[in-house]
DNA sequence: CCTACCGATCGGTAGG
DNA sequence: CCTACCGATCGGTAGG
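Rendered as structure tokens:
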């Protein structure tokens, strides 16, 4: 009970720290000092550095889901939900859900060249994330909200690239226009697949509303 | 003379290691062991860890310029050069110019949350890189190869996002289709600005060739 | 370029 | 959850 609360506070701090200084920068000693407890006391909650890192990744995943995916799932399936995921991702950078920018973008680039269980865990989450994006595109397609010939993997790849590009420009370059620029590119991409090739303007909304009814 | 050669071999190894394990993972002890020399012997070339890191970043920059920018500058200014930079970037990931993927994408995400001289050096290089991209877009515009109303910063942002997205999918997800997908998105973006709004097909090539003559 | 060090910090253990 | 440790490694120095 109380042990669980302590563990959650450790992980909250570990996630914040990892987003700022990298997952490898989360040392047991520093974490213990920040939280005013002994190294061995903190260590006992996890048993090894690797288990601490895996638990940190899992806690970061929970935070991402709570802040980006869950709110978007309150939108109707199809285009509204797809759009909400994209909008939610950009907002999540602006809101500094992780103080050092997207935990997973950072962890992806940190561990892509280091084989092992940590890399595997990050890859699994990122594969799952891109799959979620693809599924939301497929649902929008199946609802008739976007073109039936949309290239699902291609669109998911481009959207995710814009998310990461936004995080990069915002966090490293401190480019305050980056998020608006990313959002504009995202809207362009989404609008491009919404319109049908033969009749690009008129029948769109009608079609969506017919399906919804 | 010989000292300079030793220094270059240290930096070559440091750059490779940093692309795989991060710039902070380049320790003096490990570098010395890899190269079969003493820690203090290696250390003497730089004077501090920070100077070693700054020299490593500078060596990585040289390697990037030699492999991406310099070859592209042999193409004619304008669209050919802009296209060559994009193609060159994707090739540079595939050719594993840095064994762990793009050094600068990794370094950007590693240091964006850590204030200090290292972060400053990386930001300066990335600002310069995006500026190069913007300049090549401006030249293509001024040559009449792409639309005069192109949003320069917007296009540079989108292209760079696709580069980073390609590196992510290729290195972490080991998605072998990622580079082709990135290249397709890049060609789409470039084609979109090449065609004029009123006459999207015919006059394009003629216009380019007229200008070139 | 070397050997021989230094204090600080790393992950982890013993024993309570 | 603690104190008190451990060997290994960190960046860095002295002296040659």
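Chains as they are written, first to last, in my numbering: chain F, 1 to 213; chain L, 214 to 426. Using N, Cα and C, we set each Cβ at its ideal position, and we do this for glycine too.
With DSSP collapsed to three states, give me the class of residue 5(F). If DSSP states are grouped into helix, strand and coil, residue 5(F) belongs with the helices.
At the 7 Å Cβ level, is residue 181(F) part of the contact set with chain L, yes or no? Interface with chain L (7 Å Cβ-Cβ cutoff): residue 181(F) is included.
Chain F contacts from the region 350 to 367 of chain L (Cβ-Cβ distance under 8 Å): Residues passing the 8 Å Cβ filter: 366, 367.
Inter-stretch contact at 8 Å, needing at least 3 Cβ pairs: the region 345 to 364 of chain L / the region 148 to 157 of chain F: With a cut-off of 8 Å, the region 148 to 157 of chain F and the region 345 to 364 of chain L do not count as touching, because too few Cβ pairs lie within range.
Given this structure, state the Cα-to-Cα distance separating residue 226(L) from residue 253(L), to the nearest angstrom. In this model, residue 226(L) and residue 253(L) are separated by some 17 Å (Cα to Cα).
With 16 other CB atoms within 10 Å as the buried threshold, where does residue 16(F) fall? With 16 or more other Cβ atoms inside 10 Å of its own Cβ, residue 16(F) counts as buried.
Locate the alpha helix (DSSP H) running through residue 334(L), then write down its first and last residues. Per DSSP, residue 334(L) belongs to the alpha helix (DSSP H) from 330 to 355.
Which chain F residues sit within Cβ distance under 7 Å of residue 247(L)? The contacting residues do not exist; residue 247(L) stays about 16 Å from chain F at best.
Rounded separation between residue 262(L) and residue 397(L) - CA only: Rounded to whole angstroms, residue 262(L) to residue 397(L) spans 41 Å at the Cα level.
Please state whether the Cβ-Cβ distance between residue 112(F) and residue 384(L) is less than 7 Å. Against a cut-off of 7 Å, the Cβ pair of residue 384(L) and residue 112(F) comes out as a contact.
Alpha carbons only, please: which of 72(F), 167(F), 156(F), 65(F) is nearest the one belonging to residue 395(L)? For residue 395(L), the closest alpha carbon among the candidates 72(F), 167(F), 156(F), 65(F) is that of 156(F).
Pick helix, strand or coil for residue 362(L), following the three-state DSSP scheme. Looking at residue 362(L) - three-state DSSP - the assignment turns out to be coil, as it is neither helix nor strand.
Could you pull the start and end residues of the alpha helix (DSSP H) that residue 401(L) belongs to? That run of the alpha helix (DSSP H) goes 391 to 407.
Does the region 71 to 81 of chain F touch the region 283 to 290 of chain L, meaning 3 or more C-beta pairs lie closer than 8 Å? Judged by Cβ distances under 8 Å, the region 283 to 290 of chain L makes no contact with the region 71 to 81 of chain F, as fewer than three pairs qualify.
Limits of the alpha helix (DSSP H) - the one that residue 27(F) falls within: For residue 27(F), no alpha helix (DSSP H) segment is defined, and its DSSP state is neither H nor E.
Could you tell me whether the Cβ atoms of residue 23(F) and residue 110(F) are closer together than 7 Å? For residue 23(F) and residue 110(F), yes; Cβs fall inside 7 Å.
Kindly indicate the opening and closing residues of the alpha helix (DSSP H) around residue 293(L). In the DSSP assignment, residue 293(L) falls within the unbroken alpha helix (DSSP H) covering 292 to 307.
Quick check on residue 354(L): buried or exposed, where buried means 16 or more other Cβ atoms within 10 Å of its Cβ? Buried.
Within the chosen definition, does the region 158 to 172 of chain F reach the region 369 to 378 of chain L through at least 3 CB pairs nearer than 8 Å? Because the criterion of three Cβ pairs below 8 Å is met, the region 158 to 172 of chain F and the region 369 to 378 of chain L touch.
List the residues of chain L that residue 165(F) touches, going by C-beta distances under 8 Å, in chain order. Close to residue 165(F), with beta-carbon spacing below 8 Å, are these residues of chain L in chain order: 370, 371, 373, 374, 375, 377, 378.
For residue 12(F), does the three-state DSSP call read helix, strand or coil? Reduced to three states, the DSSP call for residue 12(F) is helix.
Under a three-way DSSP split, which group does residue 375(L) fall into? Reduced to three states, the DSSP call for residue 375(L) is helix.
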